[in-house]
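Protein chains in written order, with our numbering: chain A, 3 to 169; chain B, 3 to 169.
Virtual Cβ for every residue (Gly too), placed ideally from N, Cα, C.
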DNA sequence: GAAACAGTGTAATATTATAACATTGACTAA
DNA sequence: TTAGTCAATGTTATAATATTACACTGTTTC
């Protein structure tokens, strides 16, 4: 049912509006929490959101240098990692472990275990909120007497677009 | 139901027998498949199995040097990565993405998507085969029109042992 | 024996991530 | 105002993880 919504990533759309909305939401959330979404952090959030593909830390670093309207100065890795750490703590971005990369969170307002569908061809990743998976994970953890389970679910496959173009 | 069996990792037991069994099974499987479980590959498999904690590639490298009965010669990274690649291809070890580490597979005879419970305290990891999770993942992928889904499920929590000793 | 090949050795380097310390600017207390 | 404190960022160096490229060895195959 939410599949169609999630598939937005695969349809033509004005993605800059997605980015704007995400940044606006982030601002509001940080404001509510008394957290500072500084220009640097905001810029990193934008860059991450701008890409439908999860973005590596060093790719972000390059974009900071390249895209920057103001300062073409080369940044150092800690700059990016610190911004990403902040954004992760506030649930604004997720880290995709299987790719060592980061992606904007589509539900930053609520804490949630994150599940991802990742295309092995075009590398597009979409976040899904699937209660059935979440419940199954909870139950499995409980059955093994694991407490405070926090699941990382990364499903790699072939996305609708790439199924057409690939052998 | 399989919870008790999985919890073996948390009970006292003669783990060297687990290792022996795993290696014997690996030998048999490789034999059946016409794959060569060379001394080096076997040694890496043993080292990985010997630890209940997932082992990093460089940790394995150190153990190859340290533990080795015969040659105390320092090996280079590709040696380990190549052995691990072989073992992964044959389903004999799994990679835990969230830890950049490797662990012996408990069901090497059958292809399967692997699910793990990982203790955030003691780092012990156990593999579980949970049909409910597997089915939920399949359904989620299908709903989003993703084909050939291959799920990586890593559940971090507090294991039964560490719940007693931790705040 | 020569060719082809799998497995391993070796050197160099790429990629990802963090540690440690310096600087800046904003806010606060006196 | 001044000094103190703190969060954020800058800067340098390095750690940890992983791969590329090429050389060597021994076996199989013809």
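- When 8 Å is used as the limit between beta carbons, residue 159 of chain B is near these residues of chain A: 143, 148, 149, 150, 151 and 152, in chain order.
- Residue 127 of chain B carries a strand assignment under DSSP once its states are collapsed to helix, strand and coil.
- Taking a cut-off of 8 Å for Cβ pairs, the segment 136-149 of chain A and the segment 146-160 of chain B touch, as three or more such pairs fall below it.
- The Cβ of residue 86 of chain B sits no closer than 8 Å to any Cβ of chain A.
- The beta carbon of residue 106 of chain A lies closer than 6 Å to those of 24, 50, 51 and 95 in the same chain, with the five residues before and after it left out.
- Nearest C-alpha to residue 20 of chain B among B:102, B:109 and B:41: B:109.
- Check the Cα spacing between residue 111 of chain B and each of B:99, B:128, B:92 and B:124: the tightest is with B:92.
- Under the Cβ distance rule, residue 100 of chain A counts among the residues neighbouring chain B, one pair being separated by less than 8 Å.
- In this structure, residue 135 of chain A lies away from residue 119 of chain A, with their beta-carbon atoms at least 8 Å apart.
- The Cβ of residue 123 of chain A sits no closer than 8 Å to any Cβ of chain B.
- Per DSSP, the continuous alpha helix (DSSP H) segment holding residue 18 of chain A begins and ends at 17-35.
- Contact check for residue 56 of chain B against residue 104 of chain B passes: the beta carbons are separated by less than 8 Å.
- Partner residues in the beta bridge of residue 117 of chain B, as assigned by DSSP, are B:130 and B:155.
- With distances taken between CA atoms, residue 113 of chain B lies nearest to B:153 out of B:53, B:166 and B:153.
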